[in-house]
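Taken in sequence, the protein lines are chains A and B.
Start counting the first sequence at 1; every next residue gets the next number (our numbering).
Start counting the second sequence at 1; every next residue gets the next number (our numbering).
The beta-carbon is built from N, C-alpha and C at its ideal position, and this holds for glycine as well.
Have a look at the structure below before the remarks.
2 protein chains.
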Amino acid sequence: MDALAELVESLPAGVVVTDGDRIEKYRWDRSQDPHAGTPLAVVRAEDAGQVQTAVRWAARHDLPVVPRGAGTGLSGGASAVDGGLVLTLERMTAIEVDPVCQVAVVEPGALNKDVKAAAAKHGLWYPPDPSSYEICSIGGNVATNAGGLCCVKYGVTTDYVLGLDVVLADGTLVTLGGTRIKDVAGLSLLKLFVGSEGTLGVVTRAIMRLVPAQVVGATLVAALPTMTAAAEAVVAIRRSLRPSMLELMDQPSIRAVEAHRPMGLDTSAGALLVAQSDAPGSACTAEVEAMSAACRAAGAGEVFVTTDADEGELFVQARRMVIPAVEVLGELMLEDVGVPVPRLPELVDAVARIAERHDLLIPVVAHAGDGNTHPLIVVPRGDDAAKLRALAAFEEIMHAAIALDGTITGEHGVGRTKKSALPAQLGEDVMALTRRVKDALDPQGILNPGAVL
Amino acid sequence: MDALAELVESLPAGVVVTDGDRIEKYRWDRSQDPHAGTPLAVVRAEDAGQVQTAVRWAARHDLPVVPRGAGTGLSGGASAVDGGLVLTLERMTAIEVDPVCQVAVVEPGALNKDVKAAAAKHGLWYPPDPSSYEICSIGGNVATNAGGLCCVKYGVTTDYVLGLDVVLADGTLVTLGGTRIKDVAGLSLLKLFVGSEGTLGVVTRAIMRLVPAQVVGATLVAALPTMTAAAEAVVAIRRSLRPSMLELMDQPSIRAVEAHRPMGLDTSAGALLVAQSDAPGSACTAEVEAMSAACRAAGAGEVFVTTDADEGELFVQARRMVIPAVEVLGELMLEDVGVPVPRLPELVDAVARIAERHDLLIPVVAHAGDGNTHPLIVVPRGDDAAKLRALAAFEEIMHAAIALDGTITGEHGVGRTKKSALPAQLGEDVMALTRRVKDALDPQGILNPGAVL
């Protein structure tokens with residue numbers, strides 16, 4: 001019996017997909033990595049046992065396994081590998097909320113928004129909110145240690161992971177952590193798997209911490225003359241306040257959104273800062289007033305404040321709409337570089353210079369409160385020369401971030417599209433250390449080969 | 001030249017201590033581990049270069065290195081090993097606060113309280129606050145992923161570690177993370193070193209995140225009839241509120257404190273709950289009122305609330321005084337077990353049964369909001385029989401926690417005194433995985449051998 005037949009036989013009908021047409025959509029994530037391979041088969045696992053079966057099979061035959069959530073990754077972390085398996089967790093979507101323990105026990109294919117909704121039924125909240133929260137899965141969030149808009153106050157995915165079930169490279173299922181909040185027994189293996197992008201194991205269950213729901217009390221929108229001025233406002237705000245959102249759009253982003261769906265944004269502004277406060281009661285007013293003052297001190301003309309939740313949400317939607325709005329202008333290469341917050345203006349300047357040098361449009365949106373920016377490199381469709389210039393710009397932006405004490409990826413992950421720059425950020429010794437950990441956990445190198453390392 | 005002479009020669013005068021009397025105090029941490037060995041020498045490092053020199057020397061001669069901070073550890077994580085080095089970081093105490101980046105760049109020997117003080121000068125705050133914060137070092141805090149009283153709202157040490165310099169087992173110095181807030185480039189090696197208790201590397205510098213200072217607005221003290229009732233109040237409070245402190249003392253603890261320093265605590269109460277709110281403005285009043293209501297619903301007689309900061313601090317001091325007060329009654333064996341919050345009453349019951357069975361006094365204090373308890377096993381001085389019973393109780397309490405889905409250590413670490421129970425908590429497969437990571441990073445096994453594993 002050949003290897004593939006053995007796999008098909010060892011799993012229930014319908015779990016292993018080998019049909020070429022059906023396989024096609026599992027080759028790429030949203031980064032549309034041109035180097036994505038063609039897998040031998042896709043395993044659409046229904047439970048942890050099937051994940052173990054698939055991984056054991058791959059180990060036996062020394063074949064690559066690419067784990068996959070909702071396929072919304074932006075760095076090619078889920079690009080298929082020629083002749084290997086794609087192991088999709090999309091069918092494992094169970095969510096169980098324990099309101100007394102304040103945790104959600106979640107299968108990896110469950111969508112972020114569904115975890116939020118399940119928690120909300122109990123007056124609880126799962127904070128991490130990638131911009132793609134309506135379509136991305138918790139498994140993918142764990143794999144990339146995903147961030148989002150609320151991170152500035154509430155932290156990133158790893159801060160909410162209390163427990164993980166992980167299938168290791170040899171098919172062993174381990175349970176790490178649990179429903180207890182504090183636990184320092186043994187090495188922090190739990191945290192090691194968060195952000196490991198499928199290179200160390202396959203998460204089959206996650207226990208996520210929930211917190212009491214917070215109410216956004218006010219939204220502030222400030223028009224600043226320049227991105228530098230806006231970044232100054234951000235630094236000033238962070239110094240004494242803890243806003244629940246602190247986002248930035250540059251002029252090209254504002255204009256793209258306004259062109260895509262007119263809502264009266266100030267298209268003459270150099271930058272738009274969108275901030276929210278969920279401080280309770282009267283403290284909210286005080287926080288927003290202090291933010292307004294910081295914006296004015298940084299040179300803001302108009303500062304608009306609303307306590308109407310729906311109106312506030314419109315501006316947040318404007319911020320979330322930047323990517324689809326810019327996508328209208330061409331294909332996007334989505335950057336994710338970050339720097340220490342005070343160095344934001346330098347990063348923005350560097351991106352502008354790179355854009356000019358390569359004759360490219362590169363709007364910038366930012367989770368500014370965390371120093372995490374998304375330069376959006378626009379490639380006019382069908383313009384192959386621009387595509388090449390964009391690839392060069394993509395690399396240069398990562399190196400500009402590194403030169404500013406920054407990171408090549410704040411929340412999307414390294415995947416395959418950013419790995420060329422990883423050694424420049426981490427250095428030889430940390431790369432060697434990374435390799436040692438990888439080799440210890442996956443000696444055959446079958447888990448997501450080609451990603452990260 | 002013999003090995004020791006080679007070490008002495010390779011480091012500046014005064015760094016290597018070999019004198020028997022002076023070595024003595026470096027043999028133990030606060031757990032007074034009776035199995036602590038006698039080191040060949042103590043290296044009192046002044047900088048990372050000297051740490052590298054010492055570790056390289058140890059690697060060359062295949063000798064154990066026990067890293068050590070302030071020696072306030074409670075699990076024997078810094079017990080000396082016969083014939084090895086103790087590598088103390090107590091002389092590396094520099095603290096540099098960058099108020100714009102909102103980080104403290106700290107050498108490992110700096111005390112927690114000094115980091116707090118340095119941050120406070122800039123209106124900033126370093127939250128983690130182990131009860132020993134006045135005498136414990138940041139290096140030790142990182143090594144154990146230390147917790148404290150504010151964790152219930154503000155998290156533990158790992159949540160504040162943005163960067164680490166670590167000397168690896170072969171003497172290589174690696175820099176992980178930095179001053180950027182969000183960074184997912186590469187594996188989460190940074191988090192792996194936090195809580196590794198000196199078994200994977202020696203931290204020589206830490207970059208700790210700071211946040212704007214918060215003001216405690218009100219303190220609540222509630223007398224509950226039983227620990228079970230108090231635990232119910234805790235669960236109810238956590239459901240909708242985020243107090244900045246949520247601590248519990250049982251009756252023996254209350255009585256010990258009152259006997260030690262009378263302050264009018266209700267010694268007839270079954271449990272005393274001490275909570276604080278740092279919600280801003282009027283929200284503080286609302287939060288405290290809701291906590292009061294939850295306590296009353298759980299059967300509280302008296303509920304005392306004060307907005308006077310000094311008065312509030314008195315009650316927090318009463319809580320912090322439990323350990324010294326109970327220490328008057330005998331030698332202490334300090335437990336650190338945790339459970340999912342709703343299982344607190346079961347854990348408290350289990351501890352009471354163990355105390356009764358072994359005819360021991362075991363007062364319990366708890367970071368109740370996190371489900372983390374400190375049963376304080378009292379051994380009357382000079383009573384060898386009681387000492388044996390206490391050792392048995394110590395083990396049984398850990399296994400009781402495991403049986404309740406809990407942990408043998410919430411914040412003190414496994415060290416040497418708790419490692420016998422670690423396999424029962426983690427299971428064979430996770431122990432094997434731990435061993436693989438340890439072997440990959442420290443193939444000779446020279447870093448803190450005998451701790452954790």
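Buried or exposed (CB count within 10 angstroms, at least 16 for buried), residue i
i              : result
K121 (chain A) : exposed
P252 (chain A) : buried
S131 (chain B) : buried
M263 (chain B) : exposed
L388 (chain B) : exposed
H82 (chain A)  : Note that residue 82 (chain A) is Asp in the sequence shown here, rather than His. With fewer than 16 other Cβ atoms within 10 Å, it is exposed.
F193 (chain B) : buried
E302 (chain A) : exposed
R435 (chain A) : exposed
E428 (chain B) : exposed
CB contact check: residue i to chain A, cutoff 7 Å
i              : result
Q425 (chain B) : yes
E247 (chain B) : no
N141 (chain B) : no
R416 (chain B) : no
P128 (chain B) : no
V100 (chain B) : yes
S75 (chain B)  : no
P39 (chain B)  : no
A231 (chain B) : no
For residue j and residue i, believed in contact at Cβ under 8 Å, the rounded distance
i              : j              : result
L164 (chain A) : V103 (chain A) : L164 (chain A) to V103 (chain A), Cβ: 12 Å. No contact.
S75 (chain A)  : P108 (chain A) : S75 (chain A) to P108 (chain A), Cβ: 18 Å. No contact.
T179 (chain A) : D98 (chain A)  : 7 Å
A45 (chain B)  : L85 (chain B)  : Contact doesn't hold; Cβ gap of about 10 Å is too wide.
D183 (chain A) : T407 (chain B) : 4 Å
L455 (chain B) : Q50 (chain B)  : Outside the shown range of chain B, which is 1 to 453, sits residue 455 (chain B), and nothing can be said about it.
Any C-beta of chain B under 7 Å from that of residue i
i              : result
I408 (chain A) : yes
L422 (chain A) : yes
D405 (chain A) : yes
S282 (chain A) : yes
A297 (chain A) : no
A400 (chain A) : no
A169 (chain A) : no
A279 (chain A) : yes
Of the listed residues the options, nearest to residue i (C-alpha basis)
i              : options                        : result
G171 (chain A) : A:L265, A:V202, A:R209, A:V339 : A:V202
L360 (chain B) : B:G301, B:L332, B:A432         : B:L332
D29 (chain B)  : B:A78, B:H35, B:L63, B:A48     : B:A78
T144 (chain A) : A:V235, A:G69, A:E96, A:A298   : A:G69
D442 (chain B) : B:R319, B:A110, B:L168         : B:L168
C101 (chain A) : B:V142, B:V341, B:Q444, B:L433 : B:V341
V364 (chain A) : A:L433, A:A229, A:E302, A:A271 : A:A271
Residues that residue i contacts on chain A, provided the C-beta gap is smaller than 8 Å
i              : result
E96 (chain B)  : Chain A residues near E96 (chain B): none, gap ~14 Å exceeds 8 Å.
V339 (chain B) : R180
Within chain B, partners of residue i - CB distance below 7 Å
i              : result
V184 (chain A) : T144, N145, G195, T409, G410, E411, G413
R436 (chain A) : A440, L441
C151 (chain A) : K182
Proximal residues of chain B, C-beta to C-beta of residue i below 8 Å
i              : result
K191 (chain A) : T158, S188, K191, L192, V194
P342 (chain A) : V100, C101
Neighbour list for residue i in chain B, Cβ cutoff strictly below 9 Å
i              : result
D370 (chain A) : R180, I181, K182
S292 (chain A) : Neighbours of S292 (chain A) on chain B: none; closest Cβ ~17 Å, over 9 Å.
Within chain A, the residues that residue i reaches when beta carbons sit closer than 7 Å
i              : result
V351 (chain B) : Going along chain A, no residue has its Cβ under 7 Å from V351 (chain B), so there is no contact; the nearest lies around 16 Å.
S240 (chain B) : G123, P212
A325 (chain B) : Simply none; closest approach about 24 Å.
A275 (chain B) : Neighbours of A275 (chain B) on chain A: none; closest Cβ ~15 Å, over 7 Å.
Cross-chain neighbours of residue i in chain A, by beta carbon under 9 Å
i              : result
T172 (chain B) : D429, A432, L433
L220 (chain B) : None at all; the shortest Cβ gap to chain A is about 17 Å.
G155 (chain B) : G155, D159
C136 (chain B) : Those do not exist, as C136 (chain B) stays about 14 Å from chain A at its closest Cβ, beyond 9 Å.
L176 (chain B) : L426, V430, L433
Cross-chain neighbours of residue i in chain C, by beta carbon under 7 Å
i              : result
P225 (chain B) : The question asks about chain C, but that chain is absent: this structure's protein chains are A and B.
Residue i beta carbon near the ligand PLP (any heavy atom closer than 6 Å)
i             : result
V16 (chain B) : Annotation note on the ligand PLP: not contained in the displayed structure, which lists no ligands.
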